[in-house]
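Q: Residues in the sequence shown are numbered consecutively from 2, following my numbering.
Just so you know, even glycine gets a beta-carbon here, dropped at the ideal spot from N, CA and C.
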Amino acid sequence: MVTIYDIAKATGVSAPTVSKALNGIGTMTEATRNKILETAKQLGYEPNMSARTLTTKKSHLIGVVYDDTGMSRGFGHPLFSVLLNRFREQIEQAGYDIIFLSRHFGMSYFAHSKFRSIDGLIIITPDNDCPYEEFLPFVDHKVPCVSTNTIIKGICTVITENESGGYKAAEYFIKKGHTKIAFLSGPRNNISFAAEERLKGFKKAFSDYGLSFDENLFEECDFWHVNAGYEAFKRLYSRTKDFTAIFACSDLMAYGVMQFAEENGISLPDDLSIIGFDDDSISEFSKPHLTTFRHDAVKIADMAAEMLFQQLTDIPVPEIIRFPAEFIERDSVKLIK
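So, in structure tokens, the structure goes:
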């Protein structure tokens, strides 16, 4: 059985340095870390997890909260799926495994995390019915945590700049000649603040361009999926037809709008221009091709992993870090002359 001492001998570094490299902690050059990891791989090193747990009092497990009660996409979400895969890669390179936590065994996320003895937690997307307060025990017990969707006081959050995205959507419509613009919101709750932030930026653009947003053109979806977008737009359209454009807070909801439009003879973008958010995989193949926003999922995942590693080594982290979304211009917005 290969040990860290065999790796130390083969690389010419100390056993403690090998241990740090294998566990993704400590400071050393990237060349040294890579040399150790490559040598360990060549020698066929396999860590004794039971012995490591007894020695370090750590499980080397990172809990993942990923529940899909509001999107109906499972692991197919354009942001969360990429984020999860990239985060997993970073975690595994540091010698950790991931384990999914659930509220479906008659216990809270925190109770499940204690049962599994996790060393840290990433909150990607919680159960839609999960109360904000359920994550506070993680803060109280100083469990290293990072969130990529839910803003929780005391937990480092790495997310998209939603407010600037909402601003850009409104500004783009306005510069294309639209002034009567509807806003199709995702659920506004204490789990995800994305819809609220995008609305804030959206309204700010109106104000900056000397316009007033018509509150009658606001409609909130019950969920983030296609059917919710369809039903919400149906409610809006039955109430008023006095608008030429709509910003949907997700591409899935935008597809719901497109489906309703097709069934009711509304031509896109001639009768109605539309912008989504997420750059879902079929956005560029929809008719019309959907103008939208693309999250920088790789940067978010890398930063989330880095913030978790820092906490695991007792390094302070900021409360919130944001990355801008890329605006993807296609042909779903008509120029009004």
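What residue from Pro188, Glu263, Ile92 and Ile283 has the CA that sits closest to Phe224's CA?
A: Among Pro188, Glu263, Ile92 and Ile283, the Cα nearest to that of Phe224 is on Pro188.
Q: Just to confirm, are His144 and Ile123 a CB contact at a threshold of 8 Å?
A: Position check: residue 144 holds Val in this sequence, whereas His was assumed. No.
Q: If you run the structure through DSSP and keep just helix, strand and coil, what is Asp98?
A: Strand at Asp98.
Q: Verify the contact flag: Phe324, CB atom, against every heavy atom of the ligand HEM, threshold strictly below 7 Å.
A: The ligand HEM is absent from the structure shown, which contains no ligands of any kind.
Q: Quick check on Ser148: does DSSP put it in helix, strand or coil?
A: The answer is strand: DSSP assigns Ser148 an E or B state.
Q: Measuring straight from C-alpha to C-alpha, what distance separates Phe101 and Ile301?
A: Rounded to whole angstroms, Phe101 to Ile301 spans 19 Å at the Cα level.
Q: How many Å lie between Phe174 and Gly230 at the Cα?
A: Spanning the two alpha carbons is a distance of roughly 20 Å.
Q: Pull up the distance between the alpha-carbon of Asp271 and that of Ser193, whole angstroms please.
A: For Asp271 and Ser193, the distance between alpha carbons rounds to 33 Å.
Q: Among residues of its own chain, excluding the 5 on either side of Gly166, which ones have a beta-carbon nearer than 7 Å to its beta-carbon?
A: So the qualifying residues of the chain are Arg199, Gly202, Phe278, Phe294 and Ala326.
Q: Can you tell me the Cα-Cα spacing of His142 and Ala183, whole angstroms?
A: Approximately 44 Å, taken between the alpha carbons.
Q: Measure the alpha-carbon distance for His290 versus Thr28 and round it to whole angstroms.
A: Using only the alpha carbons, I get a separation of about 47 Å.
Q: Unbroken alpha helix (DSSP H) runs of length 4 or more, entirely within the stretch 240-304: which are they?
A: Here the runs fully enclosed are 252-264.
Q: Quick one: what does DSSP say Val227 is sitting in, helix, strand or coil?
A: Residue state, collapsed to three classes: helix.
Q: How would you label Gly96, buried or exposed, when you count the other beta carbons within 10 angstroms and need 16 or more for buried?
A: Buried: at least 16 other Cβ atoms inside 10 Å.
Q: Just to confirm, is the Cβ distance from Val258 to Thr292 under 8 Å?
A: Not a contact, by the Cβ cut-off of 8 Å.
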